[in-house]
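Asks: Numbering (my numbering), first residue to last: 106 to 383. Here a beta-carbon is modelled for each residue, glycine too, at the ideal position from N, C-alpha and C. Let me give you the structure first, and then I'll get to my questions.
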């Protein structure tokens with residue numbers, strides 16, 4: 106049985122910010138959202154007169170690779186979100202097979218910004234208008250020579266996105282739709298551009314169900330460009346559960362079928378992410 110969130114709304118907001126679990130967790134590139142895709146929610150539990158920072162660490166382990174990501178975000182007055190993330194993608198044994206060396210690592214820095222432009226996911230329960238935000242993520246990869254050798258055109262690029270998030274408190278349900286404009290190959294780990302140098306318009310989406318004030322379960326989908334001649338790129342999915350024991354801590358576990366990555370098919374990954382707020 107899902108919790109009756111409207112019954113606890115007044116006490117939760119009075120305790121300093123939004124309802125527990127409605128600040129989102131940290132998305133793989135540092136934005137507030139699910140694991141794979143950003144939401145229109147502003148990270149943290151800041152309200153109109155507050156500033157709240159968060160730090161995160163994420164580990165993704167597939168059969169042939171692993172990725173570590175860490176960083177921080179700050180929510181400003183429930184209007185603006187600024188974030189930084191650093192990703193390290195370890196090729197493990199595949200790096201040796203490709204002639205790069207076992208454990209060859211691609212590192213990527215990501216600077217993000219998000220602005221809420223319309224709606225309020227919590228307060229607008231009597232309206233069908235979702236909360237809407239626009240954002241960008243500037244990404245820079247430190248392996249430019251290798252990226253160009255595999256057909257990428259750039260070692261840096263900027264993703265732009267529009268997110269719309271609707272929270273149905275009475276049904277304990279959150280629904281998000283995001284449209285991303287991107288040139289990134291494997292979210293930038295394999296560079297930007299390839300067979301063409303155009304922006305690709307890619308949809309993303311999340312559904313989360315609040316089992317209680319402290320637990321969410323959900324699923325996500327992220328469509329991705331397939332723009333490198335040497336390697337097919339599949340869309341990503343995940344199934345996740347998030348535990349939010351307090352407004353200062355969240356832990357997310359997910360199973361993510363990632364498909365083909367470079368020369369390895371069927372990369373099913375385990376995803377673990379810890380977020381700590383201040």
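(1) Please classify residue 253: is it buried, with 16 or more other beta-carbons within 10 angstroms of its beta-carbon, or exposed?
(2) Straight-line CA distance for residue 168 to residue 125?
(3) What does the alpha-carbon distance come out to for the pair residue 129 and residue 138?
(4) In whole angstroms, what separates the C-alpha of residue 358 from that of residue 224?
(5) In whole angstroms, what is the alpha-carbon distance linking residue 246 and residue 294?
(6) For residue 258 and residue 299, which I take to be in contact (beta-carbon distance under 8 Å), what is that distance rounded to the nearest angstrom?
(7) Mapping DSSP to helix, strand and coil, what is residue 292?
(8) In chain order, which beta strand (DSSP E) runs of at least 3 residues are fully inside the stretch 152 to 206?
(9) Measuring alpha carbon to alpha carbon, tell me which of 195, 198 and 228 ends up nearest residue 127.
(10) Could you give the DSSP three-state label for residue 230: helix, strand or coil?
(11) Can residue 194 and residue 248 be called in contact, C-beta distance under 7 Å?
(12) Could you work out which residue in 165, 185, 141 and 172 is closest to residue 150 when comparing CA atoms only?
(13) Would you check if the distance between the CB atom of residue 145 and the CB atom of residue 215 is smaller than 7 Å?
(14) Looking at the secondary structure, which residues open and close the beta strand (DSSP E) in which residue 285 lies?
(15) Can you give me the C-alpha to C-alpha distance between residue 148 and residue 196, rounded to a whole angstrom?
(16) Measuring CB to CB, does residue 140 end up less than 7 Å from residue 265?
(17) Quick check on residue 244: buried or exposed, where buried means 16 or more other Cβ atoms within 10 Å of its Cβ?
(18) Excluding sequence positions up to five away, which residues of its chain have a Cβ less than 6 Å from the Cβ of residue 340?
(19) Taking the C-alpha atoms as reference points, what is the distance between residue 163 and residue 189?
(20) Look at the alpha carbon of residue 372 and the alpha carbon of residue 200, and state the distance between them as a whole number of angstroms.
(21) On the CB-based measure, 16 or more other CB atoms within 10 Å of its CB, does residue 232 come out buried or exposed?
(22) Residues bridged to residue 380 by DSSP?
(23) Which same chain residues end up closer than 6 Å to residue 142 when comparing Cβ atoms and leaving out the 5 residues on each side of it in sequence?
(24) Out of curiosity, what's the CA-to-CA distance linking residue 275 and residue 313?
(25) Terminal residues of the continuous alpha helix (DSSP H) containing residue 252?
(26) Tell me the rounded alpha-carbon separation between residue 279 and residue 270.
Replies: With the structure as the only source:
(1) Taking the chain shown and counting its residues from 1, one reaches residue 253 at position 148. Looking at its Cβ environment, which holds fewer than 16 other Cβ atoms inside 10 Å, residue 253 is exposed.
(2) For the purposes of this step, residue 168 is taken as residue 63 along the chain shown, with counting starting at 1. For the purposes of this step, residue 125 is taken as residue 20 along the chain shown, with counting starting at 1. Answer to the nearest angstrom: the Cα atoms are 34 Å apart.
(3) On the chain shown, position 24 is the one that residue 129 refers to. On the chain shown, position 33 is the one that residue 138 refers to. When rounded, the distance between both Cα atoms is 5 Å.
(4) Here residue 358 is taken as the residue at index 253 of the chain shown, counted from 1. Here residue 224 is taken as the residue at index 119 of the chain shown, counted from 1. About 29 Å.
(5) For the purposes of this step, residue 246 is taken as residue 141 along the chain shown, with counting starting at 1. For the purposes of this step, residue 294 is taken as residue 189 along the chain shown, with counting starting at 1. In a straight line, the C-alpha of residue 246 is about 7 Å away from that of residue 294.
(6) What you label residue 258 is simply residue 153 of the chain shown in a count that begins at 1. What you label residue 299 is simply residue 194 of the chain shown in a count that begins at 1. Confirmed, Cβ separation roughly 7 Å.
(7) On the chain shown, position 187 is the one that residue 292 refers to. Three-state DSSP puts residue 292 in a helix.
(8) 156 to 166, 171 to 181 and 185 to 195
(9) The residue you call residue 127 lines up with position 22 of the chain shown. Comparing Cα-Cα distances from residue 127 to each of 195, 198 and 228, the minimum goes to 228.
(10) By one-based count along the chain shown, residue 230 stands at place 125. Reduced to three states, the DSSP call for residue 230 is coil.
(11) As a position in the chain shown, residue 194 is number 89, starting the count at 1. As a position in the chain shown, residue 248 is number 143, starting the count at 1. Contact: no.
(12) Position 45 of the chain shown, counted from the start, is the residue given in the question as residue 150. Here the closest residue by C-alpha is 185.
(13) For the purposes of this step, residue 145 is taken as residue 40 along the chain shown, with counting starting at 1. For the purposes of this step, residue 215 is taken as residue 110 along the chain shown, with counting starting at 1. No. Outside cutoff.
(14) The residue you call residue 285 lines up with position 180 of the chain shown. Residues 278 to 287.
(15) Here the question's residue 148 lines up with position 43 in the chain shown. Here the question's residue 196 lines up with position 91 in the chain shown. Answer to the nearest angstrom: the Cα atoms are 31 Å apart.
(16) For the purposes of this step, residue 140 is identified with residue 35 of the chain shown, where counting begins at 1. For the purposes of this step, residue 265 is identified with residue 160 of the chain shown, where counting begins at 1. No, the pair does not count as a contact, with Cβ atoms beyond the cut-off.
(17) Along the chain shown, read from residue 1 onward, the residue named residue 244 stands at position 139. The residue in question, residue 244, is buried, as its Cβ has 16 or more Cβ neighbours within 10 Å.
(18) Locating residue 340 in the chain shown gives position 235, counting from the first residue. The answer, listed in chain order, is 328 and 329.
(19) On the chain shown, position 58 is the one that residue 163 refers to. On the chain shown, position 84 is the one that residue 189 refers to. Each residue's alpha carbon lies about 13 Å from the other.
(20) Residue mapping note: residue 372 aligns to position 267 of the chain shown, counting from 1. Residue mapping note: residue 200 aligns to position 95 of the chain shown, counting from 1. Going from the Cα of residue 372 to the Cα of residue 200 covers about 16 Å.
(21) Against the chain shown, residue 232 aligns to sequence position 127. Residue 232 is exposed by the Cβ-count criterion.
(22) Stepping through the chain shown from its first residue, residue 380 is reached at position 275. Its beta-bridge partners are 161 and 355.
(23) Mapped onto the chain shown, residue 142 falls at position 37. So the qualifying residues of the chain are 283, 309, 311, 325 and 327.
(24) Translated into the one-based positions of the chain shown, residue 275 becomes position 170. Translated into the one-based positions of the chain shown, residue 313 becomes position 208. If I take the Cα positions, the gap works out to 14 Å.
(25) The sequence position of residue 252 within the chain shown is 147, counting from 1. From DSSP, the alpha helix (DSSP H) with residue 252 extends over 249 to 254.
(26) Here residue 279 corresponds to residue number 174 of the chain shown, with the count starting at 1. Here residue 270 corresponds to residue number 165 of the chain shown, with the count starting at 1. Whole-angstrom Cα-Cα distance: 7 Å.
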